[in-house]
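J.: I am attaching a structure below and will ask some questions about it afterwards.
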Amino acid sequence: MDLDPDYNPSFKAKINTKWVATVASIWIQCTSGSLYTFAIYSSILKSTQGYDQLSLNVVSVFKDVGANVGILSGLLYSSVTGRRRRCGGPWLVLLAGAIQCFAGYYLMWLTVMGLLPKPPLWVMCLYMLLAAHAMTFFNTANVVTAVHNFPNYRGTIVGIMKGFLGLSGAILIQVYQTIFRSRPTAYLLLLALLPPITTLLLMSFVTISQTNEDDEKKHLNGFSLIALVLASYLMAEIIVGNIFSLQLSVRIITFTILIFLLLSPISVAISAHKEKSYRIIKYLLEQNSPEDEQHRSQAYFVDMGQSHGNYEELPAGAVQGRDMNERRTPEWGENMNLFQAMCTTGFWFLFVTTACGMGTGLATVNNISQIGGSLGYTILETNTLVSLWSIWNFLGRFGAGYISDYFLRSLGWSRPLFIVVTLASMTVGHAVIASGLPGALYAGSVIVGICYGSQWSLMPTIASEIFGAGHLGTIFNTITVAGPVGSYILSVWVVGYLYDKEASDEGNMCTGTHCFMLSFFIMAASTFFGALVALALFFRTRNFYNNFVHRRGANTITG
Numbered sequence: 007m008d009l010d011p012d013y014n015p016s017f018k019a020k021i022n023t024k025w026v027a028t029v030a031s032i033w034i035q036c037t038s039g040s041l042y043t044f045a046i047y048s049s050i051l052k053s054t055q056g057y058d059q060l061s062l063n064v065v066s067v068f069k070d071v072g073a074n075v076g077i078l079s080g081l082l083y084s085s086v087t088g089r090r091r092r093c094g095g096p097w098l099v100l101l102a103g104a105i106q107c108f109a110g111y112y113l114m115w116l117t118v119m120g121l122l123p124k125p126p127l128w129v130m131c132l133y134m135l136l137a138a139h140a141m142t143f144f145n146t147a148n149v150v151t152a153v154h155n156f157p158n159y160r161g162t163i164v165g166i167m168k169g170f171l172g173l174s175g176a177i178l179i180q181v182y183q184t185i186f187r188s189r190p191t192a193y194l195l196l197l198a199l200l201p202p203i204t205t206l207l208l209m210s211f212v213t214i215s216q217t218n219e220d221d222e223k224k225h226l227n228g229f230s231l232i233a234l235v236l237a238s239y240l241m242a243e244i245i246v247g248n249i250f251s252l253q254l255s256v257r258i259i260t261f262t263i264l265i266f267l268l269l270s271p272i273s274v275a276i277s278a279h280k281e282k283s284y285r286i287i288k289y290l291l292e293q294n295s296p297e298d299e300q301h302r303s304q305a306y307f308v309d310m311g312q313s314h315g316n317y318e319e320l321p322a323g324a325v326q327g328r329d330m331n332e333r334r335t336p337e338w339g340e341n342m343n344l345f346q347a348m349c350t351t352g353f354w355f356l357f358v359t360t361a362c363g364m365g366t367g368l369a370t371v372n373n374i375s376q377i378g379g380s381l382g383y384t385i386l387e388t389n390t391l392v393s394l395w396s397i398w399n400f401l402g403r404f405g406a407g408y409i410s411d412y413f414l415r416s417l418g419w420s421r422p423l424f425i426v427v428t429l430a431s432m433t434v435g436h437a438v439i440a441s442g443l444p445g446a447l448y449a450g451s452v453i454v455g456i457c458y459g460s461q462w463s464l465m466p467t468i469a470s471e472i473f474g475a476g477h478l479g480t481i482f483n484t485i486t487v488a489g490p491v492g493s494y495i496l497s498v499w500v501v502g503y504l505y506d507k508e509a510s511d512e513g514n515m516c517t518g519t520h521c522f523m524l525s526f527f528i529m530a531a532s533t534f535f536g537a538l539v540a541l542a543l544f545f546r547t548r549n550f551y552n553n554f555v556h557r558r559g560a561n562t563i564t565g
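For the sequence shown, our numbering gives the first residue as 7, with consecutive numbering after it.
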């Protein structure tokens, strides 16, 4: 049967899909991890501006605050993607992030180069805050759009987005070592140009799709496989690069392979488009009336889009759904705004678990080099630990989302249960580091790194399920504030205070297991307390997950 030419999709229709949007988001995420490479350019900031260590730490604090306080990005996303919007979309959020990223890093580069007068410390902190704050706009636009596009696999897609962001630090370090080795000033200029240019080129492709497809899991698994291969390659490259001194020609070859791996997600989008086109053509050919083909095809996809919308809303039930407008307080799973979410116990349970999990994780990575030095590790060994942290971080971000999705859909396990498990495991990791036994820092950093990364995947996914996706960007970015709050308390008032108390007067140095033992036992107690709070959240939301989320996941599988 000959098909009407109108059935042939235009080029715009081919690229305006959720799969192309996912690829664009992945590439933006891969260049958004500049904050994880602060150690590369911190030395040039310290030397050119005449900072002491305390001043540099103040700049670092503003970096953490900017990267974790993303309330503005969430509010902007809600306003430009809401149902009542007149224009806009996720691209506006990405554009705002690109402007901030360029402004922050470019001003820092001008200052370091001496093209601008040496500013007061608070001005440099403002530059750093601006550059770091851009990351929240990139992250919010990519993660929340992905949740809208794949509501049936929220954990998996959040894990993919957060996972590639976790790898971005290692990717940018490879760029630096290949192109800008021993030139941190040039690297600052790269950070001012690469993320904004990448975002400007790709932001128009990051769109919200209103379709649902039968083989989404298959193609998401394709993205997951690419992420795992990329992580394995980066891990091998980091280990080899830290052990051996690689020639420039070898670095160029390894960098070329890295670029190839970064381009590979487009193959998943192409495969998804081909299979979707095949299904459409097959469906049209099976219709008895050629004149009604277009109408039926449109009705078919409208029904799919409506099914998508129903899942995304997660209403508490048919009867309750009809009475939504008559209630003042939304139920679990309905779209809540920030104020409504903050009036629930679930919000504060997530806030406390985030403070315990992310706070202790940040405190660990911020002090891992000093811990290694106190335990007698060589510079090579501590550098390897720092480099591999991004890999463990990725495994936690990716694995927690994927595994929690599997157990939720297959066995009905409530997702907050995985926060309980990861925080309990984190307690063990902190205790292992506190022991100071041979190799304990290696084993403990792996456990803590994986469990720390998992919080970045689990918290936004749970927030989207119990508070709805309507204001997800604002809600999960507000909860994320708990991370730097916990990190500040533990890093300054626990780790820093106790280390200075144990250190000798000469050089303010401390050597031995006692330097950090009490600090890490305190952090172990913190994560254990967080696990208890997560357990309370599990019991609080157990009926919701059993009655609604799991039921809809099962219906999707059988349907």
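Cβ coordinates follow ideal geometry from the N, Cα and C atoms, glycine included.
1) How many Å lie between E319 and L208 at the Cα?
2) Taking the alpha helix (DSSP H) that A509 belongs to, which residues open and close that run?
3) State buried or exposed for H154, treating a residue as buried only when at least 16 other CB atoms are found within 10 Å of its CB.
4) What alpha helix (DSSP H) runs, 4 residues minimum, are completely inside the region 350-388?
5) Out of V118, T37, I265 and Y239, which one is the CA nearest neighbour of G175?
6) Enumerated in chain order, which unbroken segments of the beta strand (DSSP E) with a length of 3 residues or greater are wholly contained in the region 69-141?
7) Using the beta-carbon count (16 or more within 10 Å), is I585 buried or exposed?
8) For C457, which three-state DSSP category applies?
9) With distance defined between alpha-carbon atoms, name the residue in F355, L200 and I185 nearest to V256.
10) If contacts are defined as beta-carbon pairs under 8 Å, then G76 and T467 qualify, I think. What distance do you get, rounded to the angstrom?
11) For the alpha helix (DSSP H) that contains S215, what are its first and last residues?
12) When the Cα atoms are used, what is the spatial distance from S569 to M130?
13) How would you label G88, buried or exposed, when you count the other beta carbons within 10 angstroms and need 16 or more for buried?
14) So G450 packs on I439, CB below 8 Å; how close in whole Å?
15) Can you check whether the CB of A137 is closer than 9 Å to the CB of V71?
16) Could you tell me if Y408 is buried or exposed, where buried requires 16 or more neighbouring beta carbons within 10 angstroms of its beta carbon?
17) Can you tell which of F144, M134 and L504 has its C-alpha closest to the C-alpha of N483?
18) Which of the three DSSP states, helix, strand or coil, is assigned to A192?
19) Rounded to the nearest angstrom, what separates A475 and N343 at their Cα positions?
20) According to DSSP, is F261 helix, strand or coil?
21) Hey, F550 and I472: beta-carbon distance below 9 Å or not?
22) Kindly indicate the opening and closing residues of the alpha helix (DSSP H) around F424.
23) Alpha carbon to alpha carbon, how far is V212 from V498?
24) Using a 10 Å radius around the Cβ and a threshold of 16 neighbouring Cβ atoms, would you call Q180 buried or exposed?
25) Expressed to the nearest angstrom, what Euclidean distance is found between the alpha-carbon atoms of L9 and D221?
26) Could you say which of P157, M529, Y133 and W338 lies nearest to A361 if we only look at CA atoms?
27) Distance check for A369 and F534, CA to CA, integer angstroms please.
28) Tell me which residues share the same chain as T23 and place their Cβ nearer than 6 Å to its Cβ, disregarding the 5 neighbours each side in the sequence.
29) Given a cut-off of 9 Å, decide if P444 and L543 are closer than it, judged by their beta-carbon atoms.
30) What span of residues does the alpha helix (DSSP H) with Q35 cover, start to end?
31) Should L82 be flagged as near chain C, meaning a C-beta pair shorter than 9 Å?
32) Take the Cβ of Y317 as the centre, count every other Cβ of all protein chains shown within 10 Å, and call the residue buried at 16 or more, exposed below.
33) Just to confirm, is the Cβ distance from G169 to A102 under 9 Å?
34) Under 8 Å by Cβ, that's how I've got S40 and L178 pegged, so tell me the actual separation to the nearest angstrom.
35) Please work out which residues of its chain come closer than 6 Å, Cβ to Cβ, to M364, disregarding the five sequence neighbours upstream and downstream, and give them in chain order.
36) Going by DSSP in three states, F522 sits in which element: helix, strand or coil?
T.: Let me spell this out:
1) Low confidence applies to E319: its pLDDT is 40, below 50, so where it sits in the model is not reliable, and the reading given next is rough at best. Rounded to the nearest angstrom, the two C-alpha atoms are 28 Å apart.
2) In the DSSP annotation of this structure, A509 is not part of any alpha helix (DSSP H), being labelled neither H nor E.
3) buried
4) 351-380
5) The residue with the shortest Cα to Cα distance from G175 is T37.
6) none
7) Since the first and last residues shown for the chain are 7 and 565, residue 585 lies out of range.
8) helix
9) I185
10) Between G76 and T467, the beta carbon gap of about 16 Å keeps them out of contact (Cβ cut-off 8 Å).
11) Run containing S215: none; DSSP gives neither H nor E here.
12) One cannot answer for residue 569 here, as it falls past the ends of the chain, which runs 7 to 565.
13) G88 should be labelled exposed.
14) 4 Å
15) No; because the gap between Cβ atoms is not below 9 Å, this pair is not in contact.
16) buried
17) F144
18) helix
19) 10 Å
20) Note: F261 maps to helix in three-state DSSP.
21) yes
22) P422 to S441
23) 39 Å
24) buried
25) Reliability fails at L9, whose pLDDT of 43 lies under 50, so the model's placement of it is uncertain and the value that follows must be treated cautiously. Their Cα atoms are separated by approximately 25 Å.
26) M529
27) 16 Å
28) Around T23: no qualifying Cβ.
29) no
30) K24 to C36
31) Of the protein chains in the structure, only one exists, and it is not chain C.
32) Because the pLDDT of Y317 is 37, which lies under 50, any placement of that residue in the model is unreliable, and the number read from its coordinates should be weighed accordingly. By the neighbour-count rule (16 or more Cβ atoms within 10 Å), Y317 is buried.
33) no
34) 6 Å
35) Q461 and G489
36) Reduced to three states, the DSSP call for F522 is coil.
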